[in-house]
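Student: Attaching a single structure in structure tokens format; questions to follow.
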Amino acid sequence: MKKLLQSLFILLFIAGTAFGQERTITGTVTGKEDGQPLPGVSVRIKGTSGGTTTDASGKYSIRAAAGATLEFTSIGYTLSSRQIGTSNQINVSLSSDENTLTDVVVVGYGTVSKKDNTSSVSKVTGDQVTNVSIPSFDRALAGKATGVQVITPSGLLGQAPQIRIRGVNSISSGTSPLVVIDGVPSLSGNVGGFTSANALADVNPNDIESIDILKDGAATAVYGSRAANGVILITTKRGKNGTTFTYDGFAAIANVSSKFDLLNADQFIEIANERFANAGQATQARPTSDGMGGFINTDWQDYVFRQSVQQNHAVAASGGTDKTKYYFSLGYSDQKGAIVSNSLTRYTLRANVDQKINKFLTFGVTSGLTYQNNLGPLAGSNNLSGNTFAAMRMLPNVPVYNANDPTGYNITPDRRALGAGGNLIPISDNIPNVMFVLENNVRKSQTYRLLGSTYLEATILPGLKIKTQLGVDGSYVDDFVFTDPRAGDGLSANGSISQAYSPIFTWNWQNILTYTKSFNSAHNLDITLVQELQKRRSSFYQANISNISDIFFNQNITSGTFVTPTVGGGLTFNGIESYLARLSYNYKSRYYIGGSIRRDALSALPIANRVGYFPSASFAWRLSEESFFKNSGISNVLSDVKLRGSIAEVGNTDIGSFPYLGTYGAAAYGNQSGIAFNNTGNPDLKWESQKTYDLGLDFGLFKNRINIVTAYWRKDNDDIILSAPTPPSIGIPGNSISRNIGSIRNDGFEFAVSSDIFSESKVKWNASLNFSTQRNVVKGLVDGQDIPGDYNIIRVGESIRAIYGYDYAGVNPANGNPLWKKGNGQIIQGNINNSTYYLYDAANPGVLGAQSTLNANADRRVLGNSLPTWFGGFNNTITYNNFDLNVFLRFQGGNYIMNRSRQDLLNMNFVNNGTEVLGRWQSAANPGDGNMPRLYASRSAFVNLENSASTRFVEKGDFLRLDNLALGYNFTGEVTRKLGISKLRLYASAQNVFVITGYSGLDPEVNTSGAGVDFNGNPQLRTFTFGLNLGF
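Per our numbering, the sequence shown starts with residue 1058, numbered consecutively.
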């Protein structure tokens, strides 16, 4: 017995010694999905402070005793634990945690977990806006989030899209959201003078970690007077433990996705001469010899539009230790537009550094530097040299070039217009040769921008932190326009140069105190206090010259080279001083209440109305945390059920600089120069206000296999600034004064669902669908009076800028006159011969009845909404082994479009037409398609009611678009090991693959001349991309 006890004691001693003795454990950590090594993974011994991180090859080495447990953690992956046994090697595969990024949402001045969030926030990860050939990331937001619309004006590079969050919230003031980049309120929208310059294009999409879109009052009220149009929070990438190097690059080719159906040379000659003959004039159109026995037949769109070649490259270095973390990147993008003379080149540099000074202090720097050079044609829709405007009208029976002309182009002897070729007269309206304009005139915008901040954060006590941050946003825009004196635009002025410089500098200083505390494992409290100061200085200088002495001087304004100079400029300042308090409380993560109050003082308003208070309140109830819910059978189906709601008041400060002040300007009286009163201020003016209401229900199905987010919201916008008329006897310039008098209501419903349809098999399929409805109603105007325009109207009870026009009733089959329906129901015909209206009798169509009129007030009506009433997106990501496939569809509808381009293509001047004109009325025996009246030279305004909308040209804007289709392959295992890299992915993608729509224009999203009006917009691009993602 004694020997047995001695033996047991010796065994236990040896085992204990072995158990407690440390040894070296090595291994490799890889991703479970792709088998790639994972650098920067934290490897720690559970229950101790000892640990290490994996290197660039995913390898680690750590000293630990047998029986200890190693924990492997990394952002974006689930925790894995392994107990040390007899082996000295432990290899681990970590599974991706798709919810890691989306489980935390960025809110103003902080972050909050998704389960604790009581407001309406949509999140878009950086991966969703990269690897796509687009000029800027903001266009990639379209269809990605509920309640968010992104409207692209045209296919021109550099144009800023219109972003609307939950409707249009003003009539006369700004409607764009506030954009905050790494905590610094930033410039957005178009900052160019003569050409387009999109401020958000200065952010490299590859640098973006996440985009959080604040939509309801509970989320936006922390930004107070600037939050009426929603807030977009952009967070750029920061360093993580370990060291990684990445390269992301692609090359792309693009073409316009659609073109106009224009007449060829023979068709043009037939139609043009028929117009002249019907008007009793001599025919003027003739074929033009090509010098080789044939005749000229030019499709000018083949010259104006070209194949676009694009490339994008981004390199980044990221890494760090427990004390220092860094992220550096360099980006280069070169895009040649599909429109001649349109290009965009961008260089970006970013440096984000965080340094932990000691256990209490952390210091950090965030900086982004951008240079952008944008060359573009004149984008305005009414300019004779506008590329699309001219391409639609150029005569197809004349050539583009003429070797016998000194310029090399086909132009008239007086150099004013496109050459006539074999025709007896030149093109109408002295429209210049568009190719001369595009290839010789210069329009460019160069932008230099620095956006950054530095912060110091101190931990005072456990849970109590204070952070001070100083941010700057400085941009300098250099615009330049040159018009060639030899022909076209520059001829009448003998050439011209315009230069403009627009420096804008903003500094922003924030002091943020946060306190987080949990009591008795039940009560959770979060308090945030903020002081914020901001000041912006904007200046503008412009010089214009004409009558250039020599074309040699075409690069800048040079003294002595011109005759007629004009100069001008301006300088504005504005500032805001703010204080904020926010409180969030929850009981056992079950019952939540939150509230905030912000005080803003805005320099742009009169002293009496300069200060405003913007409160918010919110609640949430997680029913799934109740015992009755957990103990019921429904918990097997429903999970994480949360009811939430909020109410808040915010404002709109995008109302201009000092609109309450009366202003003076230069004036002349007789031959004396002086100053005169030119604008009357209103000392009672204040910012536009908005009350918001939001009620949502979020829940999961089948253990969160399916997640659903729903919300109903409403915005009541009051105190909208409008021009109120004043009696002429008062002597106020313009006989009007700005007053807070208008009101608008927006409301809608949002629904989003995401699901891992297949997640356990080799085939994995994740799908997400979002759908939004919106309704906009004008509730108040000055004395309830309409504000009509050529194509739109603002009227109480209607959607803002509803399409407003005449009822078209077809064509009189007896004589080809257009028919119109008056407001009283009468049908009248417009007699083309004498441009006069007469009553129409269907029983006697050939007889002109009593003379009548078509009245702009009595005979026009609302023809439809210009704003979409529903929209959304459907995203699918499918993986099989190393392959990944993404299919993204986007849809929109409920709106109407005034197709003014189509209206203009049916004009009666000596220019080209669209093929729709072939369906014209020719005789009672050949009445055509019943929609196109009789041709008659120079009767465009009368026949088509130019500069007015009508049901003849108003069409539905509904569409379904395959926005993105991408296929990728991830190389793993032996391939990456031999190459000495951690990641290699090749992919091919296509953007704007197709669109299904009943709209007859180039694209149902083109919107150039105001709400719902499509006029001469450049077509969208269809792009094919081939890319590479590398990791080291």
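Positions of the beta carbon are idealized from the N, C-alpha and C atoms, including for glycine.
These numbers come from a predicted model, not from an experiment.
1. Express the C-alpha separation of P1210 and I1885 in angstroms, rounding to a whole number.
2. At the level of alpha carbons, what is the spacing between F1715 and A1661?
3. Give me the Cα-Cα distance between I1785 and I1778, rounded to the nearest whole angstrom.
4. Relative to the C-alpha of S2005, which candidate in R1223, L1920, Q1140, N1354 has its C-alpha closest?
5. Check whether the Cβ atoms of A1500 and P1434 sit closer than 8 Å, and answer yes or no.
6. Using CA coordinates, which residue listed in I1310, N1430, Y1304, D1356 is at the minimum distance from S1386?
7. With distances taken Cα to Cα, identify the nearest neighbour of K1748 among V1260, A1285, L1198, F1194.
8. When the Cα of F1948 is compared with those of I1208, Q1358, T1081, which residue comes out closest?
9. Within 10 angstroms of the Cβ of G1437, are there 16 or more other Cβ atoms? Answer buried if so, exposed if not.
10. Three-state secondary structure (DSSP) at R1771?
11. Can you say whether Q1883 is buried or exposed, counting buried as having 16 or more other CB atoms within 10 angstroms of its CB?
12. Looking at L1257: is its Cβ nearer than 8 Å to the Cβ of L1271?
13. Near R1594, which residues of its chain fall below 6 Å by C-beta distance, leaving aside the five closest residues on each side in sequence?
14. With a CB to CB cut of under 6 Å and the five nearest residues on each side skipped, what residues in its chain are close to T1427?
15. Can you tell me which of the three DSSP states R1959 falls into?
16. From the DSSP output, in three-state form, read off A1121 for me.
17. Measuring straight from C-alpha to C-alpha, what distance separates F2081 and N1693?
18. Among the candidates S1179, G1212, R1656, Y1598, whose CA atom is the shortest distance from the CA of E1706?
19. Whole angstroms are fine: how far does the CA of T1783 sit from the CA of F1610?
20. Work out the CA separation of I1844 and T1516 for me, nearest whole Å.
21. Give me the Cβ distance between G1528 and G1240, rounded to the nearest whole Å; I'm assuming they're in contact under 8 Å.
22. When the Cα of N1964 is compared with those of F1537, I1554, L1992, which residue comes out closest?
23. Helix or strand or just coil, what does DSSP make of T1074?
24. Considering only C-alpha positions, which residue in the set I1798, R1802, A1781, I1801 is nearest to N1792?
25. For N1498 versus T1378, is the C-beta spacing smaller than 8 Å?
26. Whole angstroms are fine: how far does the CA of D1356 sit from the CA of F1325?
27. Where do the ends of the beta strand (DSSP E) carrying Y1384 lie?
28. Using 8 Å as the cut-off, can you tell me whether the segment 1474-1481 makes contact with the segment 1446-1465, which would need three or more C-beta pairs spanning the two stretches below that distance?
29. Using the Cβ count rule (16 or more neighbours within 10 Å means buried), how would you classify A1514?
30. Roughly how many whole angstroms lie between the Cα atoms of T1157 and D1697?
31. Roughly how far, in whole angstroms, is the beta-carbon of A1899 from the beta-carbon of F1333, given that I think they are within contact range, below 8 Å?
32. How should Q1364 be labelled, buried or exposed, when 16 other C-beta atoms within 10 angstroms of its C-beta is the threshold for buried?
33. Distance check for K1180 and A1197, CA to CA, integer angstroms please.
34. Which same chain residues end up closer than 6 Å to K1103 when comparing Cβ atoms and leaving out the 5 residues on each side of it in sequence?
35. Determine, using beta carbons only, whether V2032 and L2041 come nearer to each other than 8 Å.
36. Taking the alpha-carbon positions, what's the S1603 to L1548 distance?
Tutor: Answer, in terms of the structure:
1. Reading the sequence shown from its first residue, position 828 is the one you call residue 1885. Reading the sequence shown from its first residue, position 153 is the one you call residue 1210. Straight-line Cα distance between these residues: approximately 37 Å.
2. To locate residue 1715, count along the sequence shown from 1; it is residue 658. To locate residue 1661, count along the sequence shown from 1; it is residue 604. Computed Cα separation, rounded: 4 Å.
3. Numbered from its first residue, the sequence shown carries residue 1785 at position 728. Numbered from its first residue, the sequence shown carries residue 1778 at position 721. Just to set this straight, residue 1785 is Pro in the shown sequence, not Ile. Going by the C-alpha atoms only, they are around 21 Å apart.
4. Indexing the sequence shown from 1 puts residue 2005 at position 948. S2005 has its Cα closest to that of L1920, out of R1223, L1920, Q1140, N1354.
5. Stepping through the sequence shown from its first residue, residue 1500 is reached at position 443. Stepping through the sequence shown from its first residue, residue 1434 is reached at position 377. In the sequence under discussion, the amino acid at residue 1500 is Arg, which differs from the Ala named in the question. Yes; because the gap between Cβ atoms is below 8 Å, this pair is in contact.
6. Taking the sequence shown and counting its residues from 1, one reaches residue 1386 at position 329. Nearest of I1310, N1430, Y1304, D1356 to S1386, Cα basis: Y1304.
7. Stepping through the sequence shown from its first residue, residue 1748 is reached at position 691. Comparing Cα-Cα distances from K1748 to each of V1260, A1285, L1198, F1194, the minimum goes to A1285.
8. Counting from one through the sequence shown, the residue named residue 1948 turns up at place 891. Among I1208, Q1358, T1081, the Cα nearest to that of F1948 is on I1208.
9. Position 380 of the sequence shown, counted from the first residue, corresponds to residue 1437. For G1437, the predicted model reports a pLDDT of 44, less than 50, meaning its position is unreliable; a value from the coordinates is still stated below. It counts as exposed.
10. Taking the sequence shown and counting its residues from 1, one reaches residue 1771 at position 714. Correct three-state label for R1771: strand.
11. As a first step, residue 1883 must be located in the sequence shown, where it is residue number 826. Counting Cβ neighbours within 10 Å, Q1883 comes out exposed, since fewer than 16 surround it.
12. On the sequence shown, position 200 is the one that residue 1257 refers to. On the sequence shown, position 214 is the one that residue 1271 refers to. No, they are not a contact pair.
13. The count along the sequence shown starts at 1 and reaches residue 1594 at position 537. If we look at R1594 and ignore the five residues flanking it on each side, its Cβ neighbours are F1562, F1630.
14. Your numbering for residue 1427 matches position 370 in the sequence shown. Excluding sequence neighbours, T1427 sits near D1259, T1405, R1506.
15. Against the sequence shown, residue 1959 aligns to sequence position 902. Here R1959 sits in helix by DSSP.
16. By one-based count along the sequence shown, residue 1121 stands at place 64. If DSSP states are grouped into helix, strand and coil, A1121 belongs with the strands.
17. To locate residue 2081, count along the sequence shown from 1; it is residue 1024. To locate residue 1693, count along the sequence shown from 1; it is residue 636. Approximately 45 Å between the Cα atoms of the pair.
18. Looking up residue 1706 in the sequence shown gives position 649. Ranking the options by Cα distance to E1706, first place goes to R1656.
19. Here residue 1610 corresponds to residue number 553 of the sequence shown, with the count starting at 1. Here residue 1783 corresponds to residue number 726 of the sequence shown, with the count starting at 1. Straight-line Cα distance between these residues: approximately 50 Å.
20. Counting from one through the sequence shown, the residue named residue 1516 turns up at place 459. Counting from one through the sequence shown, the residue named residue 1844 turns up at place 787. Each residue's Cα considered, the two are about 57 Å apart.
21. The residue given as residue 1528 occupies position 471 in the sequence shown. The residue given as residue 1240 occupies position 183 in the sequence shown. Contact flag correct, Cβ pair sits at about 7 Å.
22. If you number the sequence shown from 1, residue 1964 lands on position 907. The shortest Cα separation from N1964 among F1537, I1554, L1992 belongs to L1992.
23. Residue mapping note: residue 1074 aligns to position 17 of the sequence shown, counting from 1. The predicted position of T1074 is uncertain, since its pLDDT is 41 and thus under 50; a value taken from the coordinates is nonetheless stated next. Helix, per DSSP.
24. Within the sequence shown, numbered from 1, the residue matching residue 1792 stands at position 735. Ranking I1798, R1802, A1781, I1801 by Cα distance to N1792 puts A1781 first.
25. As a working note, residue 1498 is residue 441 in the sequence shown. As a working note, residue 1378 is residue 321 in the sequence shown. It is not a contact, given that the beta carbons lie outside the stated cut-off.
26. Residue 1325 sits at position 268 when you count from the first residue of the sequence shown. Residue 1356 sits at position 299 when you count from the first residue of the sequence shown. Whole-angstrom Cα-Cα distance: 12 Å.
27. Start at 1 with the first residue of the sequence shown, and residue 1384 comes out as number 327. Where Y1384 is concerned, the enclosing beta strand (DSSP E) stretches over 1381-1393.
28. yes
29. Here residue 1514 is taken as the residue at index 457 of the sequence shown, counted from 1. Position check: residue 1514 holds Glu in this sequence, whereas Ala was assumed. Buried.
30. Counted from its first residue, the sequence shown places residue 1157 at position 100. Counted from its first residue, the sequence shown places residue 1697 at position 640. Residue placement at T1157 is poorly supported in this model, since its pLDDT is 49, which falls under 50; the coordinates still yield a value, given next. Rounded to the nearest angstrom, the two C-alpha atoms are 16 Å apart.
31. For the purposes of this step, residue 1899 is identified with residue 842 of the sequence shown, where counting begins at 1. For the purposes of this step, residue 1333 is identified with residue 276 of the sequence shown, where counting begins at 1. No, A1899 and F1333 are not in contact; Cβ-Cβ is about 31 Å, not under 8 Å.
32. In the sequence shown, residue 1364 corresponds to position 307, counting from 1. The residue in question, Q1364, is exposed, as its Cβ has fewer than 16 Cβ neighbours within 10 Å.
33. Your numbering for residue 1197 matches position 140 in the sequence shown. Your numbering for residue 1180 matches position 123 in the sequence shown. Answer to the nearest angstrom: the Cα atoms are 13 Å apart.
34. Here residue 1103 refers to the residue found at position 46 when the sequence shown is read from its first residue. If we look at K1103 and ignore the five residues flanking it on each side, its Cβ neighbours are T1126, E1128.
35. Walking along the sequence shown from the start, residue 2032 turns up at place 975. Walking along the sequence shown from the start, residue 2041 turns up at place 984. Yes. Within cutoff.
36. Translated into the one-based positions of the sequence shown, residue 1603 becomes position 546. Translated into the one-based positions of the sequence shown, residue 1548 becomes position 491. If you take the alpha carbons of S1603 and L1548, they lie about 10 Å apart.
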